[in-house]
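Numbering of the sequence shown is given in the numbering used here, commencing with residue 792 and proceeding in unit increments. Ideal Cβ positions, reconstructed from N, Cα and C, are used throughout, including at glycine. Here the structure comes first, spelled out in structure tokens, and everything after it is commentary.
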Amino acid sequence: MRYPDGGGLTAEERARREQVRLAAADLIEVGASDAEVARRFRVTRMSANRWRRALASGGRQ
């Protein structure tokens, strides 16, 4: 579920999260596994896989 107010995050926090997602996309594009991406960015493998699927379906948006 998406929250219209950004999930309670400040603009700076949202920008930081987006930077993390873009950095993860760089790793995904060079063949890193979900486990490796999760370890590097200290997220769950589920999050890493969700980023991978988003990248595959829509690219960087």
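Would you grab the beta carbon distance between residue i and residue j for me? Rounded to a whole angstrom, and I think it's under 8 Å.
i      : j      : result
Arg805 : Asp825 : The pair is not a contact, with the Cβ atoms about 23 Å apart (cut-off 8 Å).
Leu818 : Glu827 : 7 Å
Apply the 10 Å Cβ neighbour rule to residue i and answer buried if 16 or more other Cβ atoms are within range, or exposed otherwise.
i      : result
Ala847 : exposed
Val802 : Correcting the residue type first, residue 802 is Ala in the shown sequence and not Val. Flag for Ala802 reads exposed.
Work out the CA separation of residue j and residue i for me, nearest whole Å.
i      : j      : result
Val849 : Gly798 : The displayed chain sequence assigns Gly, not Val, to residue 849. Computed Cα separation, rounded: 22 Å.
Met792 : Ala845 : With a pLDDT of 43 at Met792, under the threshold of 50, the modelled position of this residue cannot be trusted; read the value that follows with caution. Rounded to whole angstroms, Met792 to Ala845 spans 15 Å at the Cα level.
Arg865 : Ala815 : Since the first and last residues shown for the chain are 792 and 852, residue 865 lies out of range.
Met837 : Gly822 : 17 Å
Arg851 : Val834 : 19 Å
Ala839 : Phe832 : 9 Å
Glu820 : Leu800 : 28 Å
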